[in-house]
Amino acid sequence: MRRLVILSTIFCFAIQILSAQNKMPIIGVSASWGDSDTRVPKAYTESVMMAGGVAVVLPITLDKKIIEQQIAAIDALVLTGGSDLDPMLYGEEPIPALGVVYPDRDEYDMALIKAAVESGKPILGICRGLQGLNIFFGGTLYQDIPSTYGKSYLKHNQERDGKYGIHSIHIKDGSILKGVIGSDSIVVNSRHHQAINRLAIGFKVSAYAPDGIIEVIESVDKPIIAVQFHPEEMASKGNEQMLNIFKYLITLIK
Ligand code: MN
176 MRRLVILSTI
186 FCFAIQILSA
196 QNKMPIIGVS
206 ASWGDSDTRV
216 PKAYTESVMM
226 AGGVAVVLPI
236 TLDKKIIEQQ
246 IAAIDALVLT
256 GGSDLDPMLY
266 GEEPIPALGV
276 VYPDRDEYDM
286 ALIKAAVESG
296 KPILGICRGL
306 QGLNIFFGGT
316 LYQDIPSTYG
326 KSYLKHNQER
336 DGKYGIHSIH
346 IKDGSILKGV
356 IGSDSIVVNS
366 RHHQAINRLA
376 IGFKVSAYAP
386 DGIIEVIESV
396 DKPIIAVQFH
406 PEEMASKGNE
416 QMLNIFKYLI
426 TLIK
């Protein structure tokens, strides 16, 4: 009898180890919405799965309890791209060139960031996701690069397919990004007309576009990295350097 108990204990322990080894990381991908649907471009979910994660779509809700449970259910968060953020979030009045703003999505994204930060879950911010993180941590945006950032001479709002790069970025020595990408510069796609103006406290710039626009930021003390371009559109088409950004997010999971 005693031997049976010991054997079954060993067996249960072995199963636990095996299931822990087999557990794949769950990566929440924040959604946008239309009139009748919850939306995530599949390039995000494809990239997460190609990187070894299990992608789950997080629908917009304003219920804080549900948001907390969404974050509790995932191992890491991808904040996706989308429409402009409300400049009122960083204390500015809207300028004429501001694009469409969806206040509910802004509120959701901010609550999602808060819940993820409070529980120490890693975050990858993409495009609007980078901008939302910068606002959450106290930074500001250029509401429209062409009309408010006088030094810009680059086309940041590309019309060609996102699987093609359009402008280069220069990656700083010593940045996490440099290790992830493995080179000093890379050509990225670019589909944004807003950008970081004042960088949030607690972050450092890891890559700039040649015109000085901030393209990648890293938190100095939290598992957060954010990019202004769309790595998912290149990663899901087989770009290994871009896929490494998603793999890096997974390495941040404790
Ligand atoms: Mn750009």
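Counting along the sequence shown from 1, when you hit position 202 you're at 377 in my numbering, and nothing is skipped either side. The beta carbon of each residue, even a glycine, is placed where N, CA and C say it ideally should be.
| Query | Result |
| --- | --- |
| Environment of Met417 [buried if 16+ CB atoms lie within 10 Å] | buried |
| Residue(s) in a DSSP beta bridge with Arg214 | Ser207 |
| Extent of the continuous alpha helix (DSSP H) to which Leu305 belongs | Arg303 to Phe311 |
| Bridge partners - Lys379, DSSP secondary structure assignment | Glu393 |
| Any non-hydrogen atom of ligand 1 closer than 7 Å to Ala384 Cβ | yes |
| heavy atom of ligand 1 below 7 Å from Glu403 C-beta | Sequence inspection shows Gln at residue 403; the Glu mentioned does not correspond to that position. Yes - ligand 1 has a heavy atom lying nearer than 7 Å to the Cβ of Gln403. |
| Inter-residue spacing [alpha-carbon to alpha-carbon] between Arg366 and Met199 | 31 Å |
| Residue range of the unbroken alpha helix (DSSP H) whose run includes Ala286 | Pro278 to Glu293 |
| Distance, Asn197 Cα to Phe404 Cα | 32 Å |
| Assumed close pair Leu287, Ile242 - CB separation to whole angstroms, cut-off 8 Å | 6 Å |
| From Ile371, Asp359 and Val363, residue whose alpha carbon lies closest to that of Asp319 | Ile371 |
| Test item: CB-CB of His345 and Asp359 under 8 Å | yes |
| Residue from Lys429, Leu427, Met409 and Ile428 with nearest C-alpha to Met225 | Met409 |
| Beta-ladder partner(s) of Arg366, from DSSP | Asn332 |
| Three-state secondary structure assigned by DSSP to Val355 | helix |
| Cα-Cα separation between Leu264 and Glu407, rounded to whole angstroms | 27 Å |
| Pairwise C-alpha distance: Ser294 and Ile400 | 16 Å |
| Unbroken alpha helix (DSSP H) run spanning Leu254, endpoints | Where Leu254 is concerned, there is no enclosing alpha helix (DSSP H), although the beta strand (DSSP E) it sits in stretches over Ala251 to Leu254. |
| Cβ pair Val215, Val204 closer than 8 Å | yes |
| Assigned exposure category for Arg303 - 16 Cβ within 10 Å defines buried | buried |
| Residue from Met285, Leu299, Val232 and Ala290 whose Cα sits closest to the Cα of Thr426 | Leu299 |
| Beta-ladder partner(s) of Ala247, from DSSP | Its beta-bridge partners do not exist; DSSP assigns none. |
| DSSP-derived helix/strand/coil call for Ala230 | strand |
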